[in-house]
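Anchor point for the sequence shown: position 96 equals 338 in our numbering, and the numbering is continuous, going up by one each time.
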Amino acid sequence: MYSIEYFILLLPVIVAFIWFVIISFSAFKEDRRKFALSFFMLSVAMSLFPGFIFFVGDYVFYEKFYVIAVFFALSQFPAFYNYIVSLTSEKSNTKIFYLKHWVLPVTLTIVGVFIKYSLMTGQERLYFVEHVLTGEVDLSGKFKVIFIVDKSFKIMFVISAFFYFHLINKRVNNHEEQILDYFSNTDELSFKWFKIFKVTFFFAFISGVFFHSFERSFHLQNVWMSVVAFTLLAIFYWVVGFFGNKQVDIYEYKYEESIINNELLQLSDKNIEIDNYKANEIVRSIDAIIKNKKLYLKEDLTLVDLAIITRTDRNNLSFVIKNHLNLNFSNYINQKRINYAKGILSSDEILSKDELYKSCGFKTQSKFCEIFKEITGETPTRYRNKILLSEK
């Protein structure tokens with residue numbers, strides 16, 4: 243019977259596998275972007291389980307799955323980055339994207355296969371795991387070379403983790419700015435949970451660096467150090483699974499053919515130049531349509547919606563709002579919502595707090611109050627009271 247320490251060593255595998263099942267079911271049922279997150283969890287489970295087997299002394303199993311563990315270990319972070327990119331991009335990831343980010347895992351896996359099956363016999367492979375990796379014999383000959391290669395895999399794993407954390411952090415920061423130019427309401431679209439992700443990643447990363455700084459033989463003699471590292475990993479993977487599974491889809495138009503094939507709605511990387519006369523014409527046109535149709539009352543209004551309704555190129559529309567009005571799309575629409583709210587508060591119409599924010603196109607009362615105060619310098623209640631006092 244295994245002790246509690248061995249159960250804790252298995253804990254991140256259990257956490258990852260449970261989230262793999264849950265997220266895979268969700269991906270098949272409703273949201274295919276989650277396949278990347280599902281693969282991330284599978285990679286975690288497949289890379290950590292052979293390590294657990296090594297700790298409990300099943301060297302035959304570990305020898306057979308060593309190369310597979312290398313591939314999945316190095317695939318974890320590209321997979322999670324793929325998930326973040328799929329969330330924060332209007333376009334689906336290209337084949338070049340996958341090729342670029344899986345070059346390292348595939349290349350090192352091929353190296354591992356070559357070393358395992360070309361440089362060692364079956365008996366030598368088992369001897370390497372059972373006696374060399376456990377520190378029972380001194381390094382010499384080709385075993386020393388293979389041991390150095392094995393250590394280089396660990397170093398590449400740590401470098402990969404740091405590199406992809408940088409990419410993910412940069413992508414999320416850009417996303418927080420990007421959604422303001424696309425959506426009028428961003429409450430459910432912001433990665434608020436990313437702060438928790440960064441904290442848990444930091445501790446998991448430090449523990450991982452510490453873990454890989456020592457040889458396997460050292461961990462076999464000091465299991466408690468591995469227990470600490472694996473506990474932090476279990477917490478990190480639970481955070482990723484829980485919040486990642488809850489994250490709503492952001493660009494719901496991504497897979498709609500009517501949007502994909504509409505030239506006016508294609509996102510362009512080209513530089514846009516619009517003179518003041520044309521910019522003013524676009525502003526007058528969209529202002530009139532928004533006012534007449536009260537589009538600002540639609541809480542899920544997006545830049546694409548406005549481009550479709552006004553029959554305006556979405557790139558030109560975004561450029562004019564951002565560069566000629568000095569606003570992002572969210573602020574542009576929210577200003578109109580607040581003006582509408584001020585009209586209600588200045589009238590004899592009596593609405594409850596819940597009715598007020600909903601009638602103005604906001605999703606939450608807290609966001610309505612925040613934006614109202616940001617624009618007017620007052621809370622809705624204070625503004626209403628001032629109106630009532632002025633009428634006496």
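Ideal Cβ positions, reconstructed from N, Cα and C, are used throughout, including at glycine.
In this structure, Thr552 is the residue among Ser402, Asn522, Thr552, Phe313 with its C-alpha nearest to the C-alpha of Lys535. When DSSP states are grouped into helix, strand and coil, Phe452 belongs to the helix group. Each of Glu378, Leu431, Ile524 was checked against the Cα of Phe460, and the nearest Cα belongs to Glu378. Excluding five sequence positions before and after Ile613, the CB atoms of its chain that fall closer than 8 Å to its own CB belong to Asn576, Arg579, Ile580, Phe604, given in chain order. In the three-state DSSP reduction, Thr351 falls in the helix class (H, G or I).
Put simply, the region 450-457 touches the region 383-403. At least three CB pairs are less than 8 Å apart. For Ile550, the enclosing alpha helix (DSSP H) has its first and last residue at 545-552. Close CB contacts of Ile524 within its chain, under the 8 Å cut and outside five residues either way in sequence, are with Ile516, Thr554, Asn558, Leu559, Val562 (chain order). Inclusion of Phe282 and Ala321 in the CB contact set at 8 Å is warranted, their separation being smaller than that value. Collapsing the DSSP output to three states places Phe604 in coil. Take Pro292, set aside five residues on each side of it, and the residues of its chain with a beta-carbon closer than 8 Å to its own are Phe303, Tyr304, Phe307, Tyr308, Ile310, Ala311, in chain order. Straight-line measurement puts the Cα of His343 at about 17 Å from the Cα of Ser280. In the three-state reduction of the DSSP assignment, Phe433 falls in the coil class. Within the same chain, Cβ atoms closer than 6 Å to the Cβ of Ala583 are found at Cys602, the five residues on either side in sequence being excluded. For Asn627, the closest of Phe610, Glu597, Lys609, Asp590 by C-alpha to C-alpha distance is Asp590. Out of Phe296, Gly299, Phe313, the CA that lies nearest to the CA of Leu284 is found in Phe313. No Cβ-Cβ contact shorter than 8 Å links Val327 with Gly483.
For Asp392, the uninterrupted alpha helix (DSSP H) segment begins and ends at 383-420. Around the Cβ of Lys595, a 10 Å sphere holds fewer than 16 other Cβ atoms; the residue is exposed. Sorting Glu332, Pro622, Ile617 by C-alpha distance to the C-alpha of Glu597 places Pro622 at the top.
The C-alpha of Arg624 lies about 10 Å from the C-alpha of Leu630.
Sequence-distant Cβ neighbours of Gly486 in its own chain, meaning closer than 6 Å and more than five residues away, are Leu279. Around the beta carbon of Val348, fewer than 16 other beta carbons lie within 10 angstroms, which makes this residue exposed. The Cβ neighbour count for Gln318, taken over all protein chains shown within 10 Å, is at least 16; the residue is labelled buried.
For the 8 Å CB-CB criterion, Ser632 and Leu422 do not form a contact.
When Phe453, Phe478, Gln420, Ser468 are compared, the shortest CA-CA separation from Phe436 is found for Phe478. Under the DSSP definition of a beta bridge, Phe425 partners with Thr544. Ile357 and Ile388 have their alpha carbons spaced roughly 7 Å apart. Cβ contact annotation for Ser268 (same chain, cutoff 7 Å, sequence separation greater than five): Lys276, Asn487, in chain order. The continuous stretches of alpha helix (DSSP H) do not include Val374, and DSSP gives it neither H nor E.
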